[in-house]
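Below: one structure, written as structure tokens.
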Ligand code: SAH
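Residue numbers (my numbering): 27 to 479.
Following this line, the structure appears as structure tokens:
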């Protein structure tokens with residue numbers, strides 16, 4: 027086997043980046059733009075010892091699950107890796123991915139799984155979008171997305187995962203820039219003014235926020251743009267974000283209000299959230315509600331419990347739980363998120379939620395060992411790398427009746443569940459949830475119960 031050879035591969039699975047995976051002559055091959063079930067002819071581009079990369083040259087037999095991608099730039103953009111797979115097939119793939127990881131990594135023979143919670147509509151579900159603004163090769167001002175891993179902008183004002191207002195708002199911003207000769211920011215030279223346009227919509231409230239990220243401290247003729255933008259239904263907040271750094275971090279720290287409120291509000295279930303341009307907020311509120319209701323169901327609260335919510339972000343899960351618990355403690359490493367969590371508790375009149383800034387692996391042992399704080403239920407929602415082993419060890423010492431594990435990476439989830447199930451806990455149920463239709467990501471919520479000794 028050599029580079030440039032043509033091979034025929036049946037695609038069996040998808041990699042974590044969404045590349046099709048199949049075998050040829052004992053080697054695994056990664057092939058972009060294929061879906062599970064395709065029989066593909068591909069040209070070998072790169073060979074390693076046990077695997078290689080190949081480029082699709084011809085679909086010999088398309089998968090029965092293959093459909094036409096709805097978005098014209100799906101292939102270049104890289105945001106939706108699996109738009110060419112039917113939605114039911116996407117859900118089957120995600121469910122199987124979670125199950126396989128629990129079996130292979132977690133060593134659970136028959137993981138107790140509930141059916142995946144799918145979306146009603148896997149398009150237009152994102153409440154937030156950030157569009158880079160730049161110049162096309164022929165000198166037009168454009169907005170769109172970065173192509174794959176590069177910073178070349180692909181023109182696209184209507185991402186099909188985003189809301190329909192995005193296109194209308196971008197049109198008005200670009201028109202304004204043309205009219206007043208305002209230049210887009212250029213990454214190479216650090217010159218030009220407008221870097222990104224960030225748009226958010228509260229799905230429950232209908233409130234819309236526009237934030238222009240600028241390399242300067244004002245926008246020429248801002249009033250004229252405001253006049254146009256405020257005619258959009260739901261418009262509630264128009265701001266500038268100042269970012270003069272030559273960096274690929276999108277937002278700077280300073281916000282200037284142009285019109286309306288410096289924030290919008292939204293609700294998930296019965297809990298209200300105040301969202302400023304810099305706050306983190308779940309991007310798919312409909313599925314978030316379903317996921318957190320499942321977490322709440324697994325937590326089995328009666329109103330008497332002390333609950334810890336580790337990796338709590340802006341306290342979304344904490345406040346959900348606080349509705350049914352005696353006391354909730356949230357722990358999060360980002361100070362600004364904890365500020366938001368406290369403000370959101372106050373906004374909802376909740377006095378039984380307390381938040382700590384710090385690393386879960388430091389705060390939890392400290393509170394437990396020095397202050398003797400206990401837990402009836404512990405909820406964790408860690409980043410992709412999962413929990414530090416010391417966090418798991420402290421949880422085992424604290425011996426809560428139930429642990430609810432919310433995860434965005436089923437491989438590290440399986441690793442952590444294996445550890446907990448070697449130490450007094452058993453996996454009672456597990457429910458994958460699709461928060462990001464058309465991407466390969468899958469969220470999972472699990473219930474672990476303490477074994478009677
Ligand atoms: N449950 C939250 C989101 C969790 S995302 C919500 O619904 O909004 C994971 C969070 O863990 C992020 O907010 C991240 O800042 C935080 N984090 C990462 N490492 C951490 C650590 N070692 N200790 C505490 N929090 C951490």
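Don't be surprised by glycine CBs; every beta carbon is placed ideally from N, CA and C.
Any heavy atom of the ligand SAH closer than 7 Å to the Cβ of residue i?
i, result
"residue 391", "no"
"residue 385", "yes"
"residue 420", "no"
"residue 377", "no"
"residue 103", "no"
"residue 342", "yes"
"residue 338", "yes"
"residue 301", "no"
"residue 429", "no"
"residue 423", "no"
"residue 14", "No answer is possible for residue 14: the residues shown for the chain start at 27 and end at 479."
"residue 354", "no"
"residue 306", "yes"
"residue 189", "no"
"residue 395", "no"
"residue 358", "yes"
Within this structure, are the beta carbons of residue i and residue j separated by less than 8 Å?
i, j, result
"residue 333", "residue 220", "no"
"residue 340", "residue 305", "yes"
"residue 141", "residue 454", "no"
"residue 436", "residue 470", "yes"
"residue 216", "residue 156", "no"
"residue 406", "residue 336", "yes"
"residue 223", "residue 159", "yes"
"residue 283", "residue 199", "no"
"residue 33", "residue 68", "yes"
"residue 239", "residue 277", "yes"
"residue 357", "residue 348", "no"
"residue 236", "residue 264", "yes"
"residue 428", "residue 326", "yes"
Let me check understanding here. Comparing Cα to Cα, which of the options lies closest to residue i?
i, options, result
"residue 35", "226, 29, 53", "53"
"residue 410", "422, 200, 442", "442"
"residue 400", "468, 212, 424", "424"
"residue 74", "92, 55, 433", "55"
"residue 97", "91, 110, 86", "110"
"residue 434", "120, 180, 277", "120"
"residue 432", "124, 83, 180, 94", "124"
"residue 161", "447, 47, 204", "204"
"residue 51", "451, 78, 473", "78"
"residue 376", "383, 382, 368", "368"
"residue 232", "292, 461, 338", "292"
With residue i and residue j assumed to form a contact (beta carbons below 8 Å), what rounded beta-carbon distance in angstroms separates them?
i, j, result
"residue 262", "residue 290", "5 Å"
"residue 189", "residue 150", "6 Å"
"residue 114", "residue 167", "That belief does not hold up - the Cβ atoms of residue 114 and residue 167 are roughly 40 Å apart, past 8 Å."
"residue 99", "residue 86", "Wrong, their Cβ atoms sit about 26 Å apart, outside the cutoff."
"residue 91", "residue 63", "5 Å"
By how many angstroms is the C-alpha of residue j removed from the C-alpha of residue i?
i, j, result
"residue 89", "residue 101", "17 Å"
"residue 44", "residue 390", "36 Å"
"residue 154", "residue 227", "7 Å"
"residue 307", "residue 207", "34 Å"
"residue 41", "residue 398", "44 Å"
"residue 359", "residue 171", "30 Å"
"residue 60", "residue 294", "36 Å"
"residue 316", "residue 345", "15 Å"
"residue 258", "residue 312", "23 Å"
"residue 421", "residue 456", "19 Å"
"residue 5", "residue 191", "In the structure as shown, the chain begins at 27 and stops at 479. Residue 5 is therefore absent and cannot be evaluated."
"residue 132", "residue 444", "5 Å"
"residue 76", "residue 28", "13 Å"
"residue 320", "residue 246", "48 Å"
"residue 182", "residue 412", "34 Å"
"residue 242", "residue 169", "19 Å"
"residue 388", "residue 372", "26 Å"
Does chain B have any CB closer than 8 Å to the CB of residue i?
i, result
"residue 230", "The question asks about chain B, but that chain is absent: this structure has only one protein chain."
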